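Participant:
Rendered as structure tokens:
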């Protein structure tokens, strides 16, 4: 699953909005959770953290003022997750980055 996330090249999709990314990847994320999460929920948390890391990289490339501040970008992603908790499936499950 982590290789699949890596293969999506999220950080290069800086022309897409958060809603576009959500529409592209939510069906896949929901399917993973329904299939793998039923048997091994704790392993899914590592996958969700990995996805949040790639979303942070996407945010850093999309907003240039956050390009050199990974912590600030992660906090901004946390604020986005608080503002739009339904955007990604794993955010609905509570795996959100901390907002600063």
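Residue numbers (the working numbering): 425 to 524.
Ideal placement from N, C-alpha and C gives every residue a C-beta, glycine not left out.
Keep in mind it's a predicted model, so treat the numbers as computed, not measured.
Check whether the region 499 to 518 and the region 445 to 462 touch, using three or more Cβ-Cβ pairs below 8 Å as the test.
Facilitator: With a cut-off of 8 Å, the region 445 to 462 and the region 499 to 518 count as touching, because enough Cβ pairs lie within range.
Participant: For residue 426, count neighbouring Cβ atoms within 10 angstroms of its own Cβ and tell me buried if that reaches 16, exposed if not.
Facilitator: exposed
Participant: Would you check if the distance between the CB atom of residue 496 and the CB atom of residue 438 is smaller than 7 Å?
Facilitator: Their beta carbons are not under 7 Å apart, which means residue 496 does not touch residue 438 by this criterion.
Participant: Is residue 444 helix, strand or coil when you go by DSSP?
Facilitator: Looking at residue 444 - three-state DSSP - the assignment turns out to be helix.
Participant: Just the C-alpha distance for residue 507 and residue 428, rounded to the nearest angstrom, thanks.
Facilitator: 27 Å
Participant: On the criterion of 16 or more Cβ atoms from any shown chain inside 10 Å, does residue 448 qualify as buried, or is it exposed?
Facilitator: exposed
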